[in-house]
Every structure is written in C-alpha cells, then in structure tokens.
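Numbering (this note's numbering), first residue to last: 2 to 148. Glycine residues also receive a C-beta, built at the ideal position from the N, C-alpha and C atoms. These numbers were taken from a predicted model, which means no experiment stands behind them. Here's the structure, in structure tokens; my notes come after.
Quick look at the structure:
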C-alpha cells in the first residue's frame with residue numbers, strides 16, 4: 002500500500018538514477034559528465050543521499066543481519082542512513098543499496114569526518130519513495146572509489 006501518489010522525493014531519486022546511469026554509459030560527451038566527473042575521478046558512479054520520514058527523522062536500514070557474509074576482515078551487522086539508488090519502478094518503489102560508513106554505524110550525517118568515506122555494499126532494501134518527505138543529496142566524494 003502506497004503512502005501517497007508520486008512526490009518530489011521520487012522525482013529526485015529518478016534524477017539521481019539518470020545521472021548515475023549517464024556516467025555508467027561511459028560517454029565522454031555526456032551532459033552529466035561534470036556531475037560525477039569520471040574524467041577527473043574514474044570510478045565515481047554514486048550520488049549518496051539520506052532520506053527523511055514524515056516526522057523529520059532519518060531513515061535507516063541494516064545490512065548483514067545475522068552476520069551471514071564476511072565484509073572485508075569483519076562479519077559485523079551494520080546500520081546505515083546512507084543510500085545509493087539502484088533501480089526505480091513506475092510506482093515510485095525503488096531498490097536502494099546500503100552505503101556502509103568506514104568507521105562503523107553513523108547516527109548523524111554530521112558525525113562524518115573530513116577523511117571518512119562510505120563504501121558500496123551488496124545489501125539492498127526495497128522502499129516506497131512516496132513514504133518519505135525529504136531527501137538530501139551528499140557529495141559523490143564521500144563514496145570510496147573501487148580501482
């Protein structure tokens with residue numbers, strides 16, 4: 002059951018996906034080239050964002066629940082407020098991948114330091130974007146690049 006019809010959060014996430022897809026096309030003359038600037042920073046393909054619920058709280062999700070998969074040297078479950086859009090459907094339902102903070106669980110975006118980075122994971126969540134009232138995009142520089 003949807004919270005409401007299409008909204009600005011859905012439209013913003015669609016625009017983020019379009020920008021990410023344009024970079025993934027590897028077209029050197031893309032109109033979106035400067036947004037993620039793959040020429041300057043190869044591998045930059047993510048616009049991280051945070052979502053706010055209707056009460057103004059930060060939306061969070063959990064990855065590696067039950068410690069099923071090794072994550073580097075660790076097997077810890079983690080909580081995150083940072084996301085990357087992977088796919089979106091016409092009804093504003095989206096697949097978001099969880100971005101894992103380098104230094105463990107971050108409860109507040111202001112807890113990220115200048116040297117902290119977010120890492121892409123294979124953990125995803127399905128969300129109804131119409132249930133959120135706000136989105137805040139973050140700098141692509143926060144996401145660690147894969148070489």
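Same chain, Cβ closer than 7 Å to residue i, five either side skipped, listed in chain order
i: residue 13; result: 136
i: residue 80; result: 61, 63 and 106
Alpha carbon of residue i to alpha carbon of residue j, nearest angstrom
i: residue 64; j: residue 58; result: 19 Å
i: residue 98; j: residue 145; result: 15 Å
i: residue 45; j: residue 141; result: 7 Å
i: residue 143; j: residue 117; result: 7 Å
i: residue 17; j: residue 96; result: 13 Å
i: residue 1; j: residue 128; result: Residue coverage of the chain in this structure runs from 2 to 148, which leaves residue 1 outside it and unanswerable.
i: residue 233; j: residue 23; result: There is no way to answer for residue 233, as the model of the chain reaches only from 2 to 148.
i: residue 66; j: residue 115; result: 29 Å
i: residue 8; j: residue 92; result: 11 Å
Simplified DSSP assignment, three categories, for residue i
i: residue 138; result: strand
i: residue 144; result: strand
i: residue 110; result: helix
i: residue 116; result: coil
i: residue 92; result: coil
i: residue 33; result: Confidence is the limiting factor: at residue 33 the pLDDT is only 48, short of 50, which leaves the residue's position unreliable and the question unanswerable from this model.
i: residue 103; result: coil
i: residue 78; result: coil
i: residue 129; result: strand
i: residue 22; result: helix
i: residue 8; result: coil
i: residue 17; result: helix
Nearest-angstrom beta carbon gap, residue j and residue i [assumed within contact, 8 Å]
i: residue 82; j: residue 110; result: 7 Å
i: residue 87; j: residue 125; result: 6 Å
i: residue 120; j: residue 103; result: 6 Å
Contact set for residue i: own chain, Cβ-Cβ below 6 Å, skip 5 residues either direction
i: residue 10; result: 130, 133 and 136
Own chain partners of residue i with C-beta closer than 8 Å, once the 5 adjacent residues on each side are dropped
i: residue 94; result: 127, 128, 129 and 130
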